[in-house]
Amino acid sequence: WFDKDGIYSGQEFIEIITGAIAESKMLIFISSKHSNESMWTAGEIFEALDGEKAIIPVKIDNSQYNKKFKLLIRPLDYIDYQENPQNALKDLLRAINKVKEDIAQKQREEEKLRQEKEAEAKKEKIKEEISVLAKDCQRLTLQQIDVVKQIFEKQTYIGNTTKICPICDKEVSISSDFCNRCGWTFPICKRLRDSI
């Protein structure tokens, strides 16, 4: 964005220029006698610096930077249009492309960091879910052991000494850990014996 017509003034200009700088990626500061004397230039430079925008100074005459922002902008490399306009345009394009690449690199790094944080947050959520499921599993296992224990006691009390394999229907001893025909393992029996 640039104010080529100079049609804005006062509050309207402040809002437009502030919005334009906020939306931009960089500020190309054309340093001239007129721009360095302008009351708006310092505000634009401060706004760009405050928004962490890259500033590319382009000197088109020998005028000194405005004292209000001289200390802030002097350390920046400037492009000297006055000395060699053709080279200056090439240098400006290089500088713009460098800023664009720096911005793209920063965005890639921020995206990578965001994805890493998101992945870490997802891992933490899964860990919490695992913890809840493990507690549920332990509670259900204890309930299951208690039920099997009651069945075992009741079966023994009434004289039943066998149980049926759910896979092959073979009758096996009530205390068997597995079916000797199909190999089915009764998952709760060992835990039951350990708990008795």
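Each residue of the sequence shown is one higher than the one before, counting from 1 in full-length UniProt numbering.
Glycine included, C-beta positions come from ideal geometry on N, C-alpha and C.
Cβ pair residue 86, residue 59 closer than 8 Å: Judged by beta-carbon spacing, residue 59 lies beyond the 8 Å limit of residue 86, meaning their Cβ atoms are not closer than that value.
Alpha carbons only, please: which of 174, 158, 156 is nearest the one belonging to residue 164? Of 174, 158, 156, the residue nearest in Cα terms is 174.
Nearest residue (CA-CA) to residue 61, options 106, 80, 68, 52: The candidate whose alpha carbon is nearest that of residue 61 is 80.
Does residue 91 come out as helix, strand or coil in the three-state DSSP assignment? In the three-state reduction of the DSSP assignment, residue 91 falls in the helix class, which pools H, G and I.
What does residue 31 pair with, by DSSP beta-bridge criteria? Per DSSP, 59.
Closer than 8 Å is the cut-off here; do at least three beta carbon pairs connect the region 61-78 with the region 105-119? Pairwise C-beta distances place the region 61-78 out of contact with the region 105-119, as fewer than three of them are shorter than 8 Å.
Pull up the distance between the alpha-carbon of residue 120 and that of residue 102, whole angstroms please. Rounded to the nearest whole angstrom, the CA to CA distance from residue 120 to residue 102 is 27 Å.
Local conformation of residue 156 per DSSP, three classes: It is helical.
Given a cut-off of 8 Å, decide if residue 99 and residue 54 are closer than it, judged by their beta-carbon atoms. Yes. Within cutoff.
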